[in-house]
Structures are given as C-alpha cells and as structure tokens.
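No gaps in the numbering here: position 211 of the first sequence is 210 in numbering that gives the first Met the number 0, and each next residue is one more. Where a beta carbon is used, it is the ideal one built from N, C-alpha and C, also for glycine. Model, not experiment: these values are computed from the prediction. A quick write-up on the structure given underneath.
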Amino acid sequence: MERTLIAELGQKIDQTVKISGWLHVLRDQKSMQFLILRDRTGLAQVAHWKKGNPALAEQISTLGTESALTCIGKVVANKSVKLGELEIQLEQLVVENAAETPLPFELQNETLPNVDFRMDWRYLDLRRAEPQLIFDVQTTLEMAAREYWLQHDFVEIHSPKIMGTPSESGAELFEMTYFERKAYLAQSPQFYKQMGMAAGFERVFEVGPVFRADPSFTSRHMTEFTGLDFEMSWIENHHDVMDFIEGWLQYIYQQVKVKHGDRIQEQLGLEITVPTLPFPRIPMLEAIEIVRSMGYELPVEKTKDLDPGGERTIAQYVKEKFGHDFVFITDWPIEARPFYHMRMPDNPKLTRSFDLLANGLEICTGAQREHRYEVLMAQALSLGLDPAAMSFYMDFFRYGCPPHGGMGMGLSRLLMVLLGLPNIREAVYLFRGPNRLHP
RNA sequence: GGGGGCGUGGUGUAGUGGUUGAACAUGCGGCCCUGUCAAGGCCGAGACCGCGGGUUCGAAUCCCGUCGCUCCCGCCA
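Written out as structure tokens, the structure reads:
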C-alpha cells in the first residue's frame, strides 16, 4: 500500500490508508488509545479500541513518544476530533523504530533546554516545528538567490577550499597537513571569484563553505559557515554592486513571504517585510558623525569604523528616519579595508566599499576591486604585504582583467535576520564553533 | 585574547548560611478514568545542589581555584 501524507487525509475519508511518522503524543486510556502521529505535513489522530485487539493494545502501551511508526487503518470523519475532524481507526501497526524512554528532553515543551544541550541532540531538536520551518525557509532563500542570479546571467562556480597560500590577512586560517606540505582551509572564495572575472565569465556566484579560525564566542559567529558570494564585471563603481544586492534581496524576501509568510506569522509571530528600493546608503564617516550626534559613545580608537553598538545605533537611526531595516555603510577608510579594495579616485583615503547592515547586524561586505595591476601592487606593498607570496592572484590582473566588484554574505546571518532568530545556532543545520565539533 | 553571568533530579526552574521537608513544572513507572484532544486524578522512582579546597558551630547558599556553558567586546559574514 502506498503511503498517504497526513495533509492529504481529508481526501481519503472512508478509505483504508497507510500513514507513517513519529508518535507525537500517546493518550492511553481505559478503553481507548489515541496515537497522535506526526509527519512532515502535519498531525493526525489514530484511534484504537483496546478490546478489539488486546495484544495490540499492550504493544501500544509500551511505545515511547517519538517512536517511528507506520499505521494502517480506515479514515473516518468525526466532528468531535479537533485535529482536522477526522481520525484513523487503527487496524495494523508497524513499529519501525521504537524510541527509548525517557527522551533526552521534551520536544513539545514550552521551555526548551539551553542551546548547547539541544546541539548535543540536534537531530531530535530538528524534529520540532520551528527548525523545520527555518530550513524550509532556507531552502526557498537559496533557491530564490540562485534564480535571481541565473536571471541575470551569472555562472555558478565551486572554488577549492584547500589553499596552498593564505589569502588576505592569514590570521584566521585553519592550517592543515597536505601530504608533505602545509595547506589552509579557505576563509573566503575571494581570490577565486576574481579569477572568474579575469577568466571572462563576467558574472559568477558561489554558495559554499567558508572557514574562520577565530575564537569568537558570540551569538553570531561560527568557525565554518556557508557563504553566498558573487562577483560582477564591467561595473562603474561599488554602487552598481549595491544596486544588484538590493534587487536580489528584495526578490529573496518576496519569495520567502509568498511561500512561507503565513507559517512564519503563525509559528514565529513575525510579519515578513519585503524591503523597498533603494536601501539607504550612508558613507562611513557620516555614519560615525550621526552615531556620535545621537549620543552613542564610540570607543576612542574607533575613528574609521563602527563597533557593534554603533551599528545598532545607526540601524535605529535609519529605521526612524527612513523606515528601513537595511542600510549600506559605504566608502570605508582604507585602514579598515583589505588591500584589494579600490580607492576613491578623488580621495585616496577612502575605498569604494560597503557593508550591509540588516536590523543592525552585519550580514555582508562588498567593494569594487582594484583591477589595475600596478595600483594593486602598490596598495599591497604599502600595507606591508608580499605580492610574491600571492603571485597567482596578482597574475590575474596582467592580461586584461575588467573592472569588477562583488560581495560576500553569510547565509545563516541572513536567515537569522529574516526570521528574527536570537542565535545563529538556530539558523544552521549543525553548528561549528571553537568548542563544538560534534555532532 | 579581555570582561560579565550561570552551573540544583532526564529537562526547565525555585531555594542565596541554620533544625534530615532540597520545592515546582515537565518527562518517566504504576494505578484509576465510557473518546481523549494543552486530557484529568492518585501514587511512586529520580539530585549527595559541576568538581576541588577554604571560611564557619553549621554551606546548594560566602571566599579561592578549576572545568563547563552562555552573552558582550575584539574579529568578522
């Protein structure tokens, strides 16, 4: 017999069906047993009259909640049943995998164990409705991101995550043994995305793992995460990149709202707001002034960028002044940016770069890249870098590399902001942090 | 790397110096209940209060150390 999904039971009244799922609740009474079964589409009541089959009744009594079951029985309409006004009269039960009792924690309780304990039992934690929604949303988010990229002629790439030389700073790299040599886990696809520009792909994107060896203990950092990256050629400046990001994010929000808006409202009490275009853009030095004028005290050493409190303050300003949840902080001073960011032609102290804050959280960094070989070389040298150590990268700019720019965004950070999640651990399938390598 | 907070039955909490009552919720086990549906009722098991040391007549409670978790800062996505 073919399996029927619980959501489809309404169309099967008076038919005998097979449903499979987890024992959500067992109500074991004197003469009746009610098994609430849960599959990915919903909950349904399975009823069993004990006297009809005492041996089966005894077996049911031993079942622990969360056991994996298959039930065969007749679907009957019954107005008094609160779950869809129908129930299944149990005829046959297959215990596919009994759950031991007690469970490590109660999945359906209002109060949940702390995050760390739930991470130990993540597969059980994920059975709850909220995580199921989160990952349905993530799937839609990634799908929408891809669709938008494809509609705009991007090529998908998969760059290597094992690197022979540290890219960029080198401080936050995981080192590994690679046969007889040392190698590093990529902390960004940055250089390889840019190679796509030198390769004439014109527009590339990548969705892939990113590794950071930072011992960061916060609610928004991980040592391994999924990066959403793209790079595009023939731009005028960094505003072209921001223009693209806006449209891309708007499309993602629209898709999520259409597909999951009701569930998100129902389960998280959150109304998805599709952002309007354009997003506010504020140059960094102006942002610092605004934050100061609002009475926020930046740490004295912060003259070139904002601290997280400053970011939240500017986000609050933008929300009040423009009613917007997003803001681009643009034109960062060179001190706060890597050597490959292009500098302003009329002000070499500033770069053609930006960060994107969403509800005060940094979710994205981007820039126009310096594509002129001599200029790039000079910028690297002026920051004390050794271009020879990354000659493969410098070579990209020797034989006709177009002007280009792009950005990198954290998938889980975006999901966090989108769904108002308090901790990035809730927004990732399996969390990796300085103290978390299992499961 | 720096700082704050927390650590009590499986889980979530209460208790913050005093007599063997460490409580509550939930889960677990048993019994009861004519179909339940956030089911309900009764009974029961389950914690030497993270670990080590100290102060005190007396420590879950105060102090020191240590480990674990968590949040903030730094760093970033």
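Which partner residues of residue i appear in the DSSP bridge assignment?
i      : result
Leu356 : Val326 and Glu361
Ser19  : Thr69
Thr350 : Arg342
Lys181 : Thr176
Gly383 : Paired residues: none, contrary to the question.
His47  : Gln32
Val427 : The partner list for Val427 (beta bridge, DSSP) is empty, contrary to what the question assumes.
Gly405 : Glu230 and Ala366
Ile281 : Ile328
Gly441 : The shown model of the chain, from 0 to 438, leaves out residue 441, and the question about it has no answer.
Glu57  : Per DSSP, none; premise fails for Glu57.
Asp2   : According to the sequence as given, residue 2 is Arg; it is not Asp. Bridge partners of Arg2: Lys17.
Glu373 : Glu373 pairs with nothing; no bridge assigned.
Rounded to whole angstroms, what's the CA-CA distance from residue i to residue j? Just pull it up for me.
i      : j      : result
Tyr398 : Ala197 : 8 Å
Tyr177 : Glu230 : 29 Å
Tyr316 : Phe278 : 14 Å
Thr40  : Pro401 : 50 Å
Leu276 : Ala314 : 16 Å
Asp213 : Leu149 : 33 Å
Arg202 : Pro130 : 34 Å
Gln58  : Leu4   : 24 Å
Asn422 : Glu90  : 45 Å
Glu1   : Glu84  : 23 Å
Tyr122 : Asp115 : 13 Å
Pro332 : Met341 : 11 Å
Asp135 : Tyr191 : 30 Å
Ala6   : Leu42  : 8 Å
Leu125 : Lys320 : 39 Å
Gln107 : Gln266 : 13 Å
Leu8   : Ala76  : 10 Å
Asp242 : Cys70  : 53 Å
Glu369 : Tyr250 : 29 Å
For residue i, which residues in the same chain have their Cβ closer than 6 Å to its Cβ, ignoring the five residues on either side in sequence?
i      : result
Asp354 : Ile328, Glu361 and Thr364
Pro282 : Thr329 and Asp330
Arg262 : Leu132
Ser60  : Asp27
Val16  : Thr3 and Val74
Ala379 : Phe338 and Pro386
Met393 : Pro386
Pro433 : Pro214
Gln367 : Asn236, His237, Met341, Arg351 and Gly404
Phe391 : none
Met194 : Phe395
Can you tell me whether DSSP reads residue i as helix, strand or coil?
i      : result
Arg74  : Per the sequence shown, residue 74 should be read as Val rather than Arg. It is a strand residue.
Thr69  : strand
Gly260 : helix
Asp228 : strand
Gln14  : coil
Val255 : helix
Gln367 : strand
Arg331 : Here residue 331 turns out to be Trp, not Arg, going by the sequence shown. Note: Trp331 maps to coil in three-state DSSP.
Ile161 : strand
Ile287 : helix
Arg39  : coil
Leu149 : helix
Gly399 : coil
Gly195 : helix
Asp304 : coil
Gly432 : strand
Leu25  : strand
Glu296 : coil
Glu171 : coil
Glu270 : coil
Once you ignore the five residues that flank residue i on each side, which residues in its own chain have a CB closer than 7 Å to its CB?
i      : result
Gly260 : Ile271
Met118 : Arg424, Phe430 and Arg435
Met293 : Thr312 and Tyr316
Pro438 : Arg121 and Leu429
Once you ignore the five residues that flank residue i on each side, which residues in its own chain have a CB closer than 8 Å to its CB?
i      : result
Lys318 : Asp324
Leu68  : Ser19, Gly20, Trp21, Leu22, Leu34, Leu36, Leu62, Leu92, Val93, Val94 and Glu95
Leu420 : Ile133, Leu414 and Ala426
Leu172 : Pro165, Tyr183, Leu184, Gln186, Phe210 and Ala212
Met343 : Asp330, Leu349, Thr350 and Arg351
Lys160 : Leu184, Ala185, Gly207, Pro208 and Phe210
Review point. Taking the runs of the beta strand (DSSP E) that are 3 residues or longer, which of them lie wholly in the stretch 73 to 144?
Key: Runs found: 85 to 96.
Practice item. Could you tell me which uninterrupted beta strand (DSSP E) segments, each at least 3 residues in length, are contained entirely in the stretch 198 to 251, listed from first to last along the chain? Key: Runs of the beta strand (DSSP E) lying entirely within the stretch 198 to 251, each at least 3 residues long, are 202 to 210 and 223 to 232 in chain order.
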